[in-house]
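Worksheet: the structure to be examined is printed underneath.
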DNA sequence: GTGAAAGCGCTAACAG
DNA sequence: CTGTTAGCGCTTTCAC
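Chains as they are written, first to last, in the numbering used here: chain P, 24 to 362; chain E, 24 to 362.
Structure follows, in C-alpha cells:
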C-alpha cells in the first residue's frame, strides 16, 4: 500500500496539541501532574498523527534497549524453533524484542554478529545451536549471556540443556516396566555428545536393574531413518533377539519400526520401541506411533529467558550447567498390552 | 563468564587518547583531516577499551536503524526457515539486523508487534507465514513492507510468492515426459489456496496435452503421510488404474509411496510419483526417494530482501504479486527407466 | 589539525 | 499545572 510520511516526533504532537514537548511526554507516559483536559488533548493529537515514541531515543536515556540477541550456531531448524517459541513466551510479556543472528557455524560470522549485537546495545544474549556439544565461550561481555540448548566450555558461563542421560533413562525404565529385558541402543554418531550421554543413560538404568548393555547391542550410525532401517536389519541378523530398543532420535526409531514391520516382527508385540525428540511429523507418521522422549525445549526456552531477564534486571545470573529433565510420551510403539 | 563493565563511550576513548569526543568520531570513521599519529592513538585507545559505537545514537542521527522486522503469522517452521536464510543472505552483507516477531496467527498479537517494530524505527518490514492464502494488509506504513511467501489482499502491496501453478505444471509435464497418461492429484485441504493452485497447474498441463483430470482422480485431504496412504489405498480400489500421481506435498507423496509399495505396486515401475516442497527429511527417507518440486524459498527470501533494501535506499518498492518459478528435482520415484 | 557546540528524539528535573 | 533546560552517545559543522 502507499507509503505514509516519516514518523512524527514529540514536537509534531506538541505543536498540534498546542503544548510543549515535555508536556507531551508526561501526558503520554502518565507521569507528572496534568490537567485531564490537556492530557486528553495530547492523546488525541498523538492518535491523529499516529505517533509512536522512538524507542532508540528512549533507550539512549534509559541505558537499556529492551532488546536481546539470539546467536545461533546453526540454521534455524527444527530444534531451534520450539526453543525460540519458549523464549518469546517469556520475553513477549515484557515487550522485549529479539534480534536474530545465524552464524551458520562459522566462527568468523559469529564474531561479526556478536559485535553487531553489542553495538546495538542488546540487554542480553542467548547462544544456541543444534549441537549439544560444548562450544567455546563468548568470553566476558558487558551483558549477561545464557547458553540455551548449548553448553559453553567455560563453567563460569550459564548453560541450560535438557538432560540426555535422564531422558534415555526414562525410556529405558519404561521398557523395563513393560517387561523388556534384552535392550538395544541405536543412535547417531559417537562423536556427538548426545549420542554418548543417551547411551550412558540407557546403560546406567540397565545396570541398576541388574541387566547390561553389551557392545553387540549398541549400534551407532547416523541421525536418519535410513540408518534406523540398517540397524534394525543388523539386529535381526544377530544370534540373540532383542525385545526392546532405545533409539537416539525419532527418525532412527521410525526407520527401525519400518524395517521390523517389513521383516514381520511385531512392534510392540515382540519388540518395544522408544524414540527421542517427540518430533510430531515423525512420531505421528510412524507405524506404530512412537513412544518417545520429550526434551521440553519450549520450557527450556522459557527458563533461559527468565534467567536472562532476571540478570538484566540486576539479579544474579548464576553459572554452570543446568540440566532440565525430559518427559516420556507414551504411544503405541512401546506397549505390548495396548496403550 | 564474569561480567565486563558497562560499554565505554566516545568520551572514555577521548579521555584515554587525550583528545576530544569529536576527534574520536573522526578518527574511527575515517572522516575529517587528522594527523596519522592522532588517528592511531585513538584507535589504540578504542581497541584497549573494547569500544563499539552505540548504534542507537548513530541511528538517532542518521534517521535509520539498519534494522528490519520480520512479522510471521505462524511459528517459525520448516518453510520460514529457508526463507529466513535467504533474507539473512541479502541483509547480512549490508549488516542490517533482523528483529523477529511471531504473531502465531493472532491478529491482536500482530498489531502489538507491528507497533513495537514501528516504535523501534525499523527501516522496513517483511510479512510472512506458512499459509499462502491472502491475508489482510498491514495498511499504509511509514516504512516499506514486503509480503514474502505470503500474499496481501491489497494489490498495492508487494507480495512475493513461489508459483504453485507453474510448480505443479512442472511436475505434471515431467510425468507426461516419462510416458504417463492417467494422472491423479493427491493433495491437502481444498480450503488452502495452494491446494487449489497446484490442482490448477496439474489440470492445465494435462489439458494442454490433450488429457484431463477427472474428479475421480482428485483426492483432497490433509497434509500428512497418513492421508497419502489413505489416498493411495482409495486409488488402488478404483476401477481404472493411474500411472502417475502429482502430490501436493512430500509428506503426502511419501505416504503414497509407502502404501503402493506395501500393496505390491512398483514405484516408479508401474506408477510415477512427484512430491512438492523438496523437504530433505521426507524426500531422502522415502522409498524410493522422491522426485519433487523445489519452491526455491531461499531465493525467494533473497529477492524479497533485495527489493526491501532497494526501497529502503529510496528506490521504488513496486506492488502487486510477483511469482517466482519453482524447479523440479529429479529422483527415483518418477523415472521408470532409472535416473 | 583539533576542539567546542549543536542537535538527532526523548525524558527527568527544575522553574515558573 | 506547564514550559524550559539539560543530557543520553554520537556525528557534524564551524571556529580556532
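From the three backbone atoms N, C-alpha and C, an ideal C-beta is built for every residue, glycine too.
This structure is a prediction, so every number in the text was calculated from the model and none was measured.
Report yes or no: do three or more beta-carbon pairs, one from the segment 86-93 of chain E and one from the segment 135-150 of chain E, lie closer than 8 Å?
yes
Tell me, to the nearest whole angstrom, how far the beta carbon of residue 327 of chain E is from that of residue 116 of chain E; I am working on the premise that it is less than 8 Å.
15 Å between Cβ atoms; not a contact.
Cα separation between residue 298 of chain P and residue 354 of chain E?
29 Å
Look at the alpha carbon of residue 147 of chain E and the alpha carbon of residue 168 of chain E, and state the distance between them as a whole number of angstroms.
6 Å
Give me whichever residues DSSP pairs with residue 157 of chain E in a beta bridge.
E:174
In terms of alpha-carbon separation, which member of E:192, E:220, E:218 and E:245 lies closest to residue 229 of chain E?
E:192
Are residue 263 of chain E and residue 205 of chain E touching if we call contact CB-CB under 8 Å?
yes
With distances taken from CA atoms, which of E:57, E:52, E:56 and E:66 is nearest residue 35 of chain E?
E:66
The segment 270-286 of chain P / the segment 307-317 of chain P touching (three or more Cβ pairs under 8 Å)
yes
At a CB distance below 9 Å, what residues from the segment 136-162 of chain E approach chain P? Give them in sequence order.
136, 138, 139, 140, 141, 142, 143, 144, 160, 161 and 162
Using a 10 Å radius around the Cβ and a threshold of 16 neighbouring Cβ atoms, would you call residue 60 of chain P buried or exposed?
exposed
Under the three-state reduction of DSSP, which class applies to residue 47 of chain P: helix, strand or coil?
helix
heavy atom of the ligand ADP below 7 Å from residue 266 of chain P C-beta:
For the ligand ADP, the structure offers nothing, since it holds no ligand at all.
Around the Cβ of residue 126 of chain E, are there at least 16 other Cβ atoms within 10 angstroms (buried) or fewer (exposed)?
buried
Contiguous alpha helix (DSSP H) assignments of at least 4 residues, all confined to the segment 27-109 of chain P
33-40, 44-52, 59-72 and 78-85
Residue 11 of chain E: contacting residues in chain P (beta-carbon distance under 7 Å)
The displayed coordinates of chain E run from 24 to 362. Any statement about residue 11 of chain E would go beyond what the structure contains.
Return the first residue and the last residue of the alpha helix (DSSP H) that residue 303 of chain P is part of.
303-308
List the residues that DSSP assigns as beta-bridge partners of residue 124 of chain P.
P:94
Give me the chain E residues within the contact set of residue 319 of chain P, using Cβ-Cβ distance strictly less than 7 Å, ordered along the chain.
Near residue 319 of chain P there are no residues of chain E at all, since even the closest Cβ is about 16 Å away, more than 7 Å.
For a test of the three-state rule: what should DSSP assign to residue 202 of chain P, helix, strand or coil?
coil
Taking a Cβ distance cut-off of 7 Å, strictly less, list which residues of the segment 86-100 of chain E are near chain P, in chain order.
88, 98, 99 and 100
Compare the C-beta of residue 227 of chain E with all C-beta atoms of chain P and state if any pair is closer than 8 Å.
no
Got a sec: is the Cβ-Cβ distance from residue 172 of chain P to anything in chain E below 8 Å?
no
Over what stretch of residues does the alpha helix (DSSP H) that includes residue 281 of chain E continue unbroken?
273-285
May I ask you to report which of helix, strand or coil DSSP gives residue 253 of chain P?
helix
Measure from the alpha carbon of residue 317 of chain P to the alpha carbon of each residue in P:243, P:339, P:135 and P:188, then state which is nearest.
P:188
The segment 235-264 of chain E: which residues have C-beta closer than 8 Å to a C-beta of chain P, in chain order?
247, 248 and 249
Option in P:157, P:224 and P:100 with minimal Cα separation from residue 178 of chain P:
P:157
Would residue 182 of chain P and residue 196 of chain P qualify as a contact pair, given that the criterion is a beta-carbon distance under 8 Å?
no
Quick one: does residue 32 of chain E have its CB under 8 Å from some CB of chain P?
no
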